[in-house]
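Residue numbers (this note's numbering): 985 to 1193.
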Amino acid sequence: MKRPNHSEIADFLETCIVPLYDGFDAGHQRDHAHAVMRTSHKLAQYYPEVDETMLLVAAAYHDVGLAKGREHHHTDSAIFMRADERLRQWFTADEINLMADAAEDHRASSKHAPRTIYGRIVAESDRQIIPETVILRCMQYTRSHFPDLDEEGEWNRMVEHLQNKYAEGGYLQLWIPESDNAQRLAYLRTIIADKPRLRQIFLRLLPTL
């Protein structure tokens, strides 16, 4: 086994892993993978103990389990990583397990905190709390998975999801204090609480679906 060259690994991820996102729903395309990878790299600067190459791999693989559906995609992503023989040319079994744990722990609805700093960084990077992006991704998911809903049904499902996940008391948790997510979440919550404003955004984004 040779020690990984960062550029070599980055090329592998761009060629072999990121393209897998082309087969996922509109909220989990290549731009999402790249955003999580980019944000993970940015947050790594605050944690010098982190191996940035391993972090990049965990970030790239974090949603590949969507190929088998959404319900267990976080655990399927970890299974995919542990089974991917290509990684063994660069990483030890312990390193692969650490990266797989980080990929598995990214899910916002997880009942436990990420087990390592790698998992906390990937989970935080996955949040992508840009209000209109959050709302659009929710609308895209609803349209893809609930195609029989009419406009009012899509609105109600979106509001319910935003309340359950992002509003005060929602299940979303943040893990990295150095990220911008806390400020962005506070702003998103003002939008969620202002239903006329939220409805305007919904109606403006609806034709883009």
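For glycine and all other residues, C-beta sits at the position ideal for the given N, C-alpha and C.
Buried is the label assigned to aspartate 1060, since at least 16 other Cβ atoms lie within 10 Å of its Cβ. Runs of the alpha helix (DSSP H) lying entirely within the segment 1031–1089 and spanning at least 4 residues, in chain order: 1036–1045, 1057–1067, 1077–1088. In this structure, DSSP gives arginine 1022 a helical state, which the three-state scheme calls helix. The shortest C-alpha to C-alpha distance from phenylalanine 1008 to any of Gln1157, Cys1122, Gly1053 is the one to Gly1053.
Look at proline 1131 here: in three-state DSSP terms it is coil, with no helix or strand label. In the structure shown, the three-state DSSP call for isoleucine 1175 is helix.
Contact fails between the segment 989–996 and the segment 1081–1094, because fewer than three Cβ pairs, one in each stretch, are under 8 Å apart. Here the alpha carbon of leucine 1187 sits roughly 18 Å from the alpha carbon of isoleucine 1114. It is roughly 7 Å from the alpha-carbon of valine 1106 to the alpha-carbon of alanine 1042. Annotation for alanine 1170: no residue places its beta carbon closer than 6 Å to its own, counting only its chain and skipping 5 residues before and after.
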